[in-house]
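Basically the working numbering = 1-based index in the sequence shown + 72.
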Amino acid sequence: MKKLWLLLFVPVIVVLFWAIQNRSAAPHVVFAKAKRQTISSTISTNGKIEPIEYVDVRVEAAGLIRKLFVHLGDNVRAGQEIAQLSQAGLTEDLQANEARAAQAQAELDTLKGGGRSSEQAEIQGNLARMKEQRAAAQRNFESLDRLQRLNAATQYDVDQARQAVSDLDTQIQSLSTRRTALVGRGDIEASQERLREAQANVQLSRSHIGDTVVHAPMAGAVYDLPAHQGGYLNIGDPVASIGKLDPVRVRVYVDEPELGRIAVGQSVRITWDALQGKQWNGTVNKKPTEVIPLGSRQVGEVLCTIDNPNHELVPGTNVNAFILTQVVQDTMTIPKTAVRRDNGTGVFLLQSENKLKWQPVKTGVGDALRVQVEEGVHEGDAVAQPSDVVLKDGMTVTPVIQ
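Below is the structure:
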């Protein structure tokens, strides 16, 4: 029985001894060395691609899209046809207005020529006949006048012959006046106004037909194409969006606390998750003028110009943006994780005999992994990394140097 109790008691003693030994042993703590290097401060955020110069092409007349001459991503020239719309009745309207204009022109030409040809011909025929009659009456008068001087005709006969010539002169003058009166100044002006109106209707019809052909107002790339062949468009509906895609603008959303680090001219790097491994570079060219809500964030919209020589960045694309705000050459750095802010800003330094020392520090520029230390740490100093053990000033540790 005594041996059985010994067998049960010995393992308990061993476990207790192991626990006491381990509790008294110095904990293992990972340390990293302070070193001099170049460090860059970067703001990492997101943004959206926009064209710097663009235009939304909209239709000025409703109709069905009969033909679509471009595709998404095509480069177009200024004035190039991009779509043709179909509208019933436009050709017939043009032909009718052209016929009215031709008729108005003919009427004006007739008036300028003196009137309608049938009336002119009738008056001209009567004038010719009366002139012949007057010539005959003049000869008769002259003959009777000679005979009267020879006492072979009476004065009455001579007077009657003279009156006949005078009557014919009056009739000839009346016909001439009538011929002139066929077309008055007001008639020509009214005819000219009718012609102008008809010609304006022709131009209007042609412009309506012209509206059915949609042209590119500028040279650029088709980056949006909401229209499709066979679709119906109302007046003002969009056909396509055309813009210049090199360079492009990136509207970068920077959180309000970081806005003080932004300056015009800073370098910007853009990446896009859809094209892994590629990046595009540019600069900040405009700081935000206001802070706006963006979901749960308060941001300023920083405008950046980015080179896009292959037109890979398409307007509307959501991208990652990295703004380089500051670069410090050959400065003292430590891992960001070594900096503690429990009681002011500081680090735990490894001292002789493997003891810890709390050291206040002044930090500066930081990147994703390391931070500049302006005061408090020297090159080669070992600073404690995060540990499961609560570290204290003067504590003895077992260092693990990375």
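A virtual CB, placed ideally from N, CA and C, is assigned to each residue, including glycine. These figures come from a predicted structure and were not determined experimentally.
So, using beta-carbon positions, are residue i and residue j closer together than 8 Å?
| i | j | result |
| --- | --- | --- |
| K434 | E446 | yes |
| I364 | V371 | yes |
| A134 | N306 | yes |
| L136 | A155 | no |
| A288 | R149 | yes |
| V340 | I395 | yes |
| S263 | A174 | no |
| T409 | P458 | yes |
| F103 | Q401 | no |
| V411 | V374 | no |
| W430 | L385 | no |
| G466 | L428 | yes |
| A270 | R201 | no |
| P387 | E122 | yes |
| S313 | D128 | yes |
| Q444 | T403 | yes |
| V451 | A98 | Sequence inspection shows Glu at residue 451; the Val mentioned does not correspond to that position. Contact flag unset, no. |
| T117 | V311 | no |
| I334 | A393 | no |
| L216 | A208 | no |
| Q220 | Q227 | yes |
Out of the options, which has the shortest C-alpha to C-alpha gap to residue i?
| i | options | result |
| --- | --- | --- |
| R369 | G308, K358, P329, V472 | P329 |
| I406 | A393, A454, L385 | A454 |
| Q301 | S113, R211, R138 | R138 |
| L199 | Q275, Q243, L366 | Q243 |
| G60 | Q156, K105, I115 | What is shown of the chain runs 73 to 474, which leaves residue 60 out entirely. |
| V391 | K120, K105, A98 | K120 |
| A456 | M290, V419, R321, R206 | V419 |
| G337 | G349, Q398, M290 | Q398 |
| V285 | L216, I195, V131 | V131 |
| V237 | Q205, E179, K105, Y126 | Q205 |
| A291 | R211, N212, E125, V469 | E125 |
| S246 | Q196, Q227, L267, Q271 | Q196 |
| R442 | S112, P99, H100 | S112 |
| V469 | S424, V449, H450 | S424 |
| N147 | L317, P432, V437 | L317 |
| N382 | C376, D414, L347 | L347 |
| L276 | D439, G151, A168, G436 | A168 |
| V230 | A272, L240, D241, F213 | F213 |
| E170 | K350, A272, H100, P319 | A272 |
| K358 | G367, C376, L366 | C376 |
| S248 | K203, G349, N426 | K203 |
| A299 | V142, V101, Q232 | V142 |
| D414 | E194, V462, Q235, L222 | V462 |
To which residues does DSSP link residue i through a beta bridge?
| i | result |
| --- | --- |
| G151 | Answer is none; G151 lacks a bridge partner. |
| E447 | K434 |
| S113 | Q398 |
| D128 | S313 |
| S158 | L136 |
| R266 | Paired residue(s): none; R266 is not in a bridge. |
| H143 | Per DSSP, none; premise fails for H143. |
| A104 | V455 |
| F420 | W430 |
| F405 | The sequence shown places Thr at residue 405, rather than the Phe named in the question. Bridge partners of T405: K107, Q444. |
| A393 | T117, I342 |
| V286 | A155 |
Is the shortest distance between the beta-carbon of residue i and the beta-carbons of chain C less than 8 Å?
| i | result |
| --- | --- |
| M404 | In the structure shown, chain C does not exist; there is a single protein chain. |
Three or more C-beta pairs below 8 Å linking the stretch 349-361 and the stretch 290-301: no
Complete beta strand (DSSP E) runs within the stretch 318-369 (minimum length 3 residues, chain order): 339-343, 351-358, 363-366
Ordered list of alpha helix (DSSP H) runs contained in the stretch 182-249, each at least 4 residues: 189-221
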